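**Student:** I have a structure here, written as structure tokens, and I will follow up with some questions on it.
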Amino acid sequence: MSEAIRALGEPAAAEGSQPCEVDFDAVVKVYPGGVRALDRVDLRIAEGEYVTVTGPSGCGKSTMLHLAAALDVPTSGTVRIGGRDLSAIPDLSSFRRNQVGLIFQLHNLIPGQPIIANVEAVMFGTHRSGHERRNRAMELLARVDLAGREHRLPTQLSGGERQRVAIARALANEPRLLLADEPTGSLDPAAADLVLQLFERVRRRGVTIVMVTHDPGIARLADRTIYMREGRIVEPGL
Ligand SMILES: Nc1ncnc2c1ncn2[C@@H]1O[C@H](COP(=O)(O)OP(=O)(O)O)[C@@H](O)[C@H]1O
Ligand SMILES: [Mg+2]
């Protein structure tokens, strides 16, 4: 991949030489206290697929996303991302920084820092110089229609704008996998629509997307919807 394309953002879909599908094999997650949040989940998500995950509150959606992001480890079973068993990766924080983009319902921005600094922060420790980090953060914010507002604090933006910053931040290190946990859950319909349009653009770049949502209308936008219930993947309508 040329440096010029890198600088522009995510690589084009055709360049997806690096597989980054999600592969859960008999994954069980039991939390301390005994809650069985995932009960032998088998799941394969192909590279470039856009998948939504839906199901009642408490069925294990967030747990599944956290395991895919290597934020937590399974009790048993195997989680592979791009063919790599997460339990065999020595530096998970580097893996997370470089391979996955994460977006939560509440944006998790650093409140005391301007949004440009929030986006730059996730690029520390990468190959980019300070100057490159600044340029890239400016460009990412422009891409989510926040040009001119780079020096605002998160509190000086609307919920939808903050979530767009979270998306810019999640894309900063060109992840091949974007994981989003109810990213529109706290937004009004117009703001949610803008966020979903951004996901659509990301999808066209060939990035694999897994999005948890309660909203059946949003779930339908994906290539495939996974239904969960009581820690298991079930057929729709069950
Ligand atoms: N850190 C935790 N400690 C103990 N129990 C948890 C923890 N996180 C989630 N749970 C429990 O695991 C189950 C699945 O939770 P979660 O994955 O957050 O569901 P969802 O995202 O579908 O609402 C729930 O019963 C929840 O209470
Ligand atoms: Mg959840």
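Mapping of the sequence shown onto this note's numbering: residues 6 to 243, in sequence order. Think of the CB as a built atom: it goes at the ideal place given N, C-alpha and C, for glycine as much as any other residue. The model shown is predicted, which means the values in this text are computed figures rather than measured ones.
Does residue 233 come out as helix, strand or coil in the three-state DSSP assignment?
**Tutor:** Strand at residue 233.
**Student:** Between residue 29 and residue 204, what straight-line distance do the alpha-carbon atoms span, to the nearest angstrom?
**Tutor:** For residue 29 and residue 204, the distance between alpha carbons rounds to 23 Å.
**Student:** Is residue 66 close to ligand 2? I mean its beta-carbon at under 8 Å from any heavy atom of the ligand.
**Tutor:** Residue 66: yes, Cβ under 8 Å from ligand 2.
**Student:** Contact between the region 60-77 and the region 157-165: three or more CB pairs below 8 Å?
**Tutor:** The region 60-77 is not in contact with the region 157-165.
**Student:** Could you tell me if the beta carbon of residue 62 falls within a distance shorter than 8 Å of some heavy atom in ligand 1?
**Tutor:** Result yes, Cβ under 8 Å from ligand 1.
**Student:** Whose C-alpha, out of 137, 71, 177, is nearest the C-alpha of residue 97?
**Tutor:** When only C-alpha atoms are compared, the closest one is 71.
**Student:** Give me, in chain order, the residues of the same chain whose beta-carbon lies closer than 7 Å to that of residue 22; leave out the 5 immediate sequence neighbours on both sides.
**Tutor:** At residue 22 the pLDDT is 42, less than 50, meaning the model places this residue with poor confidence; the figure from the coordinates comes in the next sentence. Here the set comprises nothing.
**Student:** Tell whether a beta-carbon distance below 9 Å holds between residue 1 and residue 27.
**Tutor:** Nothing about residue 1 can be reported from this structure: the residues present for the chain run from 6 to 243 only.
**Student:** What's the C-alpha gap between residue 135 and residue 40?
**Tutor:** Distance between the alpha carbons of residue 135 and residue 40 is about 44 Å.
**Student:** Is it buried or exposed, residue 132, if we count other Cβ atoms within 10 angstroms and call 16 or more buried?
**Tutor:** It counts as exposed.
**Student:** With contact counted as at least three CB pairs below 8 Å, one residue from each stretch, are the region 46-62 and the region 206-215 in contact?
**Tutor:** The answer is yes - the region 206-215 touches the region 46-62, with three or more Cβ pairs under 8 Å.
**Student:** Answer with buried or exposed for residue 93, where buried requires no fewer than 16 other C-beta atoms within 10 angstroms of its C-beta.
**Tutor:** Classification for residue 93: exposed.
**Student:** Let me know if residue 115 comes out buried or exposed under the rule of 16 or more other beta-carbons within 10 Å of its beta-carbon.
**Tutor:** By the neighbour-count rule (16 or more Cβ atoms within 10 Å), residue 115 is not buried but exposed.
**Student:** Any heavy atom of ligand 1 closer than 8 Å to the Cβ of residue 38?
**Tutor:** Residue 38: yes, Cβ under 8 Å from ligand 1.
**Student:** Taking contact to mean at least 3 C-beta pairs separated by less than 8 Å, is the region 117-124 in contact with the region 147-156?
**Tutor:** Enough Cβ pairs lie closer than 8 Å, so yes.
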